[in-house]
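Residue numbers (the numbering used here), protein chains in the order written: chain A, 1 to 316; chain B, 317 to 645; chain C, 646 to 1179.
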Amino acid sequence: MTETLPKPAMERSGRFARLWGSDIAWSYRRSPVTIVASIVVAILIVAAVFAPWITPQNPFNPAGLNLMDGFTPPMTANEFSGNFFVLGTDDQGRDMYSAILYGARISLFVGVMAVLFAAVLGVTLGLLAGYRGGWLDTVIMRIADVQLSFPAILIALMIFGIARGFIPPGSRDQMAVWVLIISIGLSDWVQYARTVRGATFVEMRKDYVQAARLIGVRPLKIMFRHVLPNVMGPVLVIATIGLALAIIAEATLSYLGVGVPVTSPSLGTLIRIGQDFLFSGEWWIILFPAVTLLALALSVNLLGDWLRDALNPKLR
Amino acid sequence: MIAFVLRRFAQAVIVMLAVALVAFVMFRFMGDPITNLLGQDATVADRQAMMERLGLDRPMPVQYFDFISRAVQGDFGISYRMARPVSEVILERLPATLELAAVSGLMALLLGVSFGVYTALRRDGWLSHVIMTVSLIGVSLPTFLIGILLIWVFAVELGWLPSFGRGETIQIGWWRTGFLTESGLKSLILPAITLGLFQMTLIMRLVRSEMLEVLRTDYIRFARARGLSSRAINFGHALKNTLVPVITITGLQLGAIIAFAIITETVFQWPGVGLLFINAIKFVDVPVMSAYLLLIALIFVTINLIVDLLYYAVDPRLRVERPKAADTT
Amino acid sequence: MEARLLSPLGVALGFAVAFAATFEADARTLRWAAAGDSLTLDPHAQNEGPTHTMSHQIYEPLLQRDMEGQIIPALATEWAPLEDDPEVWEFNLREGVTFHDGTPFTADDVVFSLNRAMEESSGMKTLLASVAEVSKVDDHTVHVRTDGPNPLLPNNLTNLFMMSEAWAHEHGVEMPQDFAAGEENYAVRNTNGTGAFRLVSREPDSRTVLEINPDYWGHGEFPMEISELIFTPIQSASTRVAALLSGEVDLILDVPVQDLDRVSEAAGLDVRTAPQNRTIFFGMNVGDDELEHSDVRGENPFADVRVREALNIALDREAIQQVVMRGQSAPTGVIVPPFVNGWTEDLDAYPEADLERARELMVEAGYGDGFTVTLHCPNDRYINDEGICQAAAGMFGRIGVRVDLEAQVKERHFPLIENLQTDFYLLGWGVPTYDSEYVFNFLYHTQTDRYGGWNATRYSNPDMDEKIQSLSSMVDIDARDALIADIWEEAKNEVIYLPIHHQVLNWGMKSEIEFDVQPEDQPHFKFLQYTATN
């Protein structure tokens, strides 16, 4: 996605703790773009989490929609029902404002869960590979190499396709969100594993770890107490950029029509629906979800970029 | 040398066998192949006969081996959706995808290197900032949105370029090309931009950061000290040094482009293997899915193998590790 | 062509060809697009709209319908039941017709083709269910014997295409492609018809090119102004519109309702509209003891007519027409379109949406708390099919029927209906025979080998079945119509289907094209004309 060269970031990671107090905060204050991006992300996250309390309608409950509200333009009252919609409605009478917040909720939920899944899996495997070395390391890293040579979206699509084939048709829709999370997560663990493994190797050679091993500290404790904190910086960078990727991956799958069901639309689904009205003048149905998705993905990306640069002063 | 080549080759074969196992499991266990072939009304005796005819009653390893040997001969069975041999369908669609991928890759390489060099040399120029900002937006915009935007502006509002399909094509042997007609070339522009934009930003950012690294190295500083012209330094030394990783990554990206074509082909209704695959997923057309999986794996493994061997030939120092396409997502 | 002028076929035909040739000097290419591709070029393998549309350009039936739906001669010039034996229809075949490969068309080909269409693997066999025997009288006369008199046999022949017997033997395609078994044969990709166009090249799902058949018998009789016909399936409706707006194609079927204004306002483009011979409706599993896809166990809520009626009046057809269809549909209370014999205004009347009454009925039936059920819906077959299902899910939800919507591509949706794997589904039905019997046969008769092929409601009413079967052999048209009315009344009271609306067809095309919208959504391009200017 970027010129991610985790190597330098990795070498610096030992200084992460020291940087936090001064440099990071300083570089944050110095970067207005980053401040704006973080505010946008914060607003979207809060709005998505509290969507049920700050929206007039639950767009996922078909019985709560009124078809006659359909195609109401933004800032207009519907001609039949007199209901007013800030961002207009879509073809089913869904309030776009509510739909976008609920959609962002799905996008963020899938994104965060997929990143968590990928990070836990990747960090665990990376620690194992780095600490144990030997055949385990070879196997894990071979798999990682192979997977890394395929684009994540393709792997997610494959896993999704396979999972869909095995799930009985009746429960496909209920499972869709989880299948998405696992597909996207499984497609994205490699980076964590590689970074963590590298950092583990570096840490393992250091005297204090050698000493700790000599006096019989348990491997688990060494890993979590000494190695893990030192790799959290790069992992955070990867996770942030990974979140943007996961959000885009979810939107893409839903746009392709293989993601979440149309009755509980995510941002990608809303865009797919809106594309049908691109030529007919109902611009708001595609514009607002697209802008939201763009703002979300762009801001998360900017944060990730900033974080990487901040942790890697060499490129600043 | 021979040991290295053999080892890489063996690894490639193992990867293909693993992917084939996934494809086989899909093929064998997803859905019910017997019902797909016989329909619901089949009697138990019919099913038994079909099982035997297809060899589905034999031990799994034998079936797996059989699957592989048929796949090697290009026999992937019959598409459930189109009732035609899968290999035939894929062969028919492959030229469309390869042509699109080639044009996008070339475009991404040329523009990516130029922009990358420019933004590295003029780090604080306003144009560099514009390019960097646009590239960041480009990365954040999902491919499908870029495609929709391009269609809306250039096909619908301005009416300059076609919005879908490949236009006129000419058949040369089994290859159907869009390169030889005006409408074919025009049809290529929007999908190629959509598909290549992402790779272009990737290459641009890579060139930029490699250039920045190289420009900081001692030998460039010595070159400056020796009073070489900045032109000679920038292009004769700095760029030359960045090109090895750039070419590697571009090579690896060719595979990514072919895979990403799935999205672009859906937006532009481009009749390639990507569109075929998406329709296969919606239909759960397992033979097509597993054949596509194997095809993509073969392309990736081949590209990786070639890149590895080239690397070995070019730079013996790097015979063990090489930069990966860090995140080809 | 000189050789032909000298041939005994006569100067008249030569003139016709020469006359047509002057028109063709223009060498007009028409590029057209529709959502779906033909599934197969084997003309008997599938009974499906887009497949027939393609076949109609290449192959011909004995009889065809003109753009108004009237039966006109095609490969048969005259047809009538024998006066002394009403069980036998006599067809006189057109003379001087040749297949694209040059072999003459004779009675043997008709006998072969009709028998082929009655084979087990044929998708057309239900249409010929009443046929007992097809026999040749002489080279240009054929007799079709039915089980009992069948006055409406000609209605069933308009999509039954004639193949060359010699060609079929040569290429081993004596049997129709067994589509369900995933089989392929030579006829799937190669054709040899008598039609106005010949196949030049075909890439399924992407492009099919046809060229004019210079030896076609209909030169001079039909406009025949197109010399080359390029078909591109474009699945996505908005892409299809974009292609028309940007001039990449000249004609598209099924302009999405939201884009009608945009197309008709665009310079040089027009939208032509006509009511379609197709009705959209929901079907319910009323026959099983328990629903597979529901939270109700031990009983079947759809078996209770009060539940069905509650759903029927919970459906706000006018809202669907106004918003989902943007006015481009005709809400209805019956599942046959007005073209069809047996349709009446009374049947067509639909109930006002009445949520209160619907809730009362639910309580009376013992489902006051509602239940869940999965609704299966195609998302690429009918106009805004997925939108209709979503809207209906909301309406049913208001009376407590919580609907899980499963919308998917048509190739996955239809097998659910054919294999009885759905409890609640959306289906659209057109009536190519223009007679109610076709609807009864397919949708109301108990499912058996020959009947009820698309009746996934599991509805079975022996009394009704008997009446339906007797229709095919009734010679007294008035008595037959009375029986049809009788069956409809009973069918409507049973509410096993929830009719939604009749579709309206919209074709978008260049303004210089003169072409009527055909009610079955089947353009027959030999009828297409260009206005004199241009």
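Think of the CB as a built atom: it goes at the ideal place given N, C-alpha and C, for glycine as much as any other residue.
Residues near residue i in its chain [Cβ-Cβ closer than 8 Å; skip 5 each side]
i, result
"W988 of chain C", "V979, V981, P982 and S1081"
"Q1167 of chain C", "G694, H697, T698 and H701"
"L684 of chain C", "A690, Q691, E693, P695, T696 and F824"
"P603 of chain B", "F343, F392, G393, I394, S395, Y396 and V402"
"R761 of chain C", "H689, S767, M808, A813, E819, M820 and P821"
Selection from the options that minimises the alpha carbon distance to residue i
i, options, result
"A678 of chain C", "C:E990, C:A774 and C:D850", "C:D850"
"E404 of chain B", "C:R1043, C:E848 and C:L727", "C:E848"
"A882 of chain C", "B:A575, B:T582 and B:G567", "B:T582"
"R923 of chain C", "C:S775, C:D687, C:P976 and C:R843", "C:P976"
"I1028 of chain C", "C:D687, C:L1173, C:E728 and C:L905", "C:L905"
"N800 of chain C", "C:F744, C:N986, C:G892 and C:S891", "C:N986"
"D687 of chain C", "C:I703, C:L675 and C:A680", "C:I703"
Nonlocal neighbours in the same chain, by C-beta distance under 7 Å from residue i, ignoring five residues either side
i, result
"E866 of chain C", "none"
"Q356 of chain B", "Interpretation of Q356 of chain B is limited by its pLDDT of 48, a score under 50 that renders its predicted location unreliable; no figure is taken from the coordinates."
"E1135 of chain C", "M1109"
"L802 of chain C", "P706, L707 and L708"
"H938 of chain C", "V1018, T1019 and D1068"
"L1000 of chain C", "A959, R1043 and I1044"
Residue j beta carbon less than 8 Å from that of residue i
i, j, result
"T195 of chain A", "I222 of chain A", "no"
"T459 of chain B", "T252 of chain A", "yes"
"A1036 of chain C", "I965 of chain C", "yes"
"M869 of chain C", "K1171 of chain C", "yes"
"T751 of chain C", "R739 of chain C", "no"
"A956 of chain C", "L1143 of chain C", "Residue 956 of chain C is actually Leu in this sequence, not Ala. Cβ atoms of L956 of chain C and L1143 of chain C: closer than 8 Å."
"F616 of chain B", "F277 of chain A", "no"
Per-residue contacts from residue i into chain A (C-beta, under 7 Å)
i, result
"M398 of chain B", "Those do not exist, as M398 of chain B stays about 17 Å from chain A at its closest Cβ, beyond 7 Å."
"V331 of chain B", "V146"
"P901 of chain C", "D276"
"L555 of chain B", "Within chain A, no residue comes near L555 of chain B; the closest Cβ sits about 16 Å away, beyond 7 Å."
"D904 of chain C", "F279 and S280"
Proximal residues of chain C, C-beta to C-beta of residue i below 7 Å
i, result
"F381 of chain B", "The premise fails here: F381 of chain B is roughly 24 Å from chain C at the closest Cβ pair, so nothing lies under 7 Å."
"G481 of chain B", "T877"
"G500 of chain B", "Simply none; closest approach about 12 Å."
Own chain, CB closer than 6 Å to residue i, minus 5 neighbours either side, in chain order
i, result
"K640 of chain B", "Residue confidence for K640 of chain B is low, a pLDDT of 43 falling below 50, so the modelled location carries little weight and cannot support an answer."
"E669 of chain C", "For E669 of chain C, the pLDDT reaches just 43, beneath the cut-off of 50, and the residue's location in the model is therefore unreliable, leaving the point undetermined."
"V227 of chain A", "T200 and E203"
"I140 of chain A", "L125 and A129"
"F584 of chain B", "F480 and P507"
"R272 of chain A", "Y255"
"R1095 of chain C", "A774"
"L609 of chain B", "A339"
Interface partners of residue i on chain B, CB under 8 Å
i, result
"P695 of chain C", "The contacting residues do not exist; P695 of chain C stays about 14 Å from chain B at best."
"V258 of chain A", "I594, I597 and K598"
Cross-chain neighbours of residue i in chain A, by beta carbon under 8 Å
i, result
"A336 of chain B", "Ordered by position in chain A, no residue passes the 8 Å Cβ test against A336 of chain B, which lies about 13 Å from the chain."
"A964 of chain C", "L67 and M68"
Beta-carbon neighbours of residue i, restricted to chain C and to distances below 8 Å
i, result
"K598 of chain B", "Q1053, V1054 and R1057"
"V472 of chain B", "A887, L890 and S891"
Within chain B, partners of residue i - CB distance below 7 Å
i, result
"I181 of chain A", "The contacting residues do not exist; I181 of chain A stays about 16 Å from chain B at best."
Contacts of residue i in chain A (Cβ-Cβ under 9 Å)
i, result
"L956 of chain C", "Chain A residues near L956 of chain C: none, gap ~13 Å exceeds 9 Å."
Proximal chain B residues relative to residue i, where beta-carbon distance stays under 9 Å
i, result
"T591 of chain C", "Because chain C here runs from 646 to 1179, residue 591 of chain C falls outside it and cannot be looked at."
Note to self: At 3 residues or longer, what runs of the beta strand (DSSP E) sit wholly inside the segment 748-805 of chain C?
What the structure shows: 776-783 and 786-791
Next item on the list: List in chain order: all unbroken alpha helix (DSSP H) runs of 4+ residues lying wholly within the segment 504-542 of chain B.
Entry: 534-541
Notebook entry, point to check: What are the uninterrupted segments assigned as alpha helix (DSSP H) that are 4 or more residues long and contained completely in the segment 451-493 of chain B, given in chain order?
Noted result: 459-466
Check: Taking only runs of the beta strand (DSSP E) that begin and end inside the segment 937-1024 of chain C, which ones reach a length of at least 3 residues, in chain order?
Finding: 974-976 and 1016-1023
Margin query: Restricting to runs no shorter than 3 residues, where is the beta strand (DSSP E) found entirely within the segment 718-748 of chain C?
Written below: 721-726 and 733-738
Next item on the list: For the segment 61-149 of chain A, list the beta strand (DSSP E) runs that are entirely contained and at least 3 residues long, ordered along the chain.
Entry: none
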